[in-house]
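The numbering used here puts the first residue of the sequence shown at 3, with every later residue one more than the last.
Think of the CB as a built atom: it goes at the ideal place given N, C-alpha and C, for glycine as much as any other residue.
Report on the following structure.
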Amino acid sequence: MAKVEVQLSKPTRAQRGPDKTARNPVKIAPQEGPLPKKPSWIRVKAPTGPAVSRLKALLREQRLHTVCEEASCPNIGECFSNGTATFMIMGDLCTRRCPFCDVAHGRPEPLDSDEPAHLADTV
């Protein structure tokens, strides 16, 4: 029986796109031909304004990360304008490689011992 050597990925930086999903056994083939036209109701302008800017500034000030931002959620303006966010704890990297998700994958950085206090202050 032939010996199979498995090399585990140990990324030292955030991985996105092809780098992130290279070792994922499920491959998603792009659709051939033109994409179908999206319905008119799907094209809405993302809300922006002082509430969104204020929440983003607070997140930067407290050194916090949200799934909303890291996953490039298209509804971020709607949630942020209502004062709603889904926080990522223990850094901005995920240790999983979900091909449908835009959160960066990689080796987690050392934990920020002040993160729980920053999160409590923000909430």
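Less than 8 Å between the CB atoms is what I'm expecting for residue i and residue j, so what's the real figure, rounded?
{"i": "residue 71", "j": "residue 78", "result": "7 Å"}
{"i": "residue 53", "j": "residue 89", "result": "Not really, about 17 Å apart at Cβ, beyond 8 Å."}
{"i": "residue 105", "j": "residue 69", "result": "7 Å"}
Who are the Cβ neighbours of residue i in its own chain at under 8 Å, not counting the five residues just before and after it?
{"i": "residue 117", "result": "65, 66, 91 and 92"}
{"i": "residue 103", "result": "73 and 96"}
Among all the DSSP beta bridges, which residues are the ones paired with residue i?
{"i": "residue 86", "result": "Looking at the DSSP assignment, residue 86 forms no beta bridge with any residue, so it has no partner."}
{"i": "residue 124", "result": "DSSP lists no partner for residue 124."}
Using three-state DSSP, classify residue i as helix, strand or coil.
{"i": "residue 75", "result": "coil"}
{"i": "residue 50", "result": "coil"}
{"i": "residue 100", "result": "coil"}
Quick one: residues in its chain with C-beta nearer than 7 Å to the C-beta of residue i, no 5 flanking neighbours on either side, listed in chain order?
{"i": "residue 124", "result": "60, 64 and 66"}
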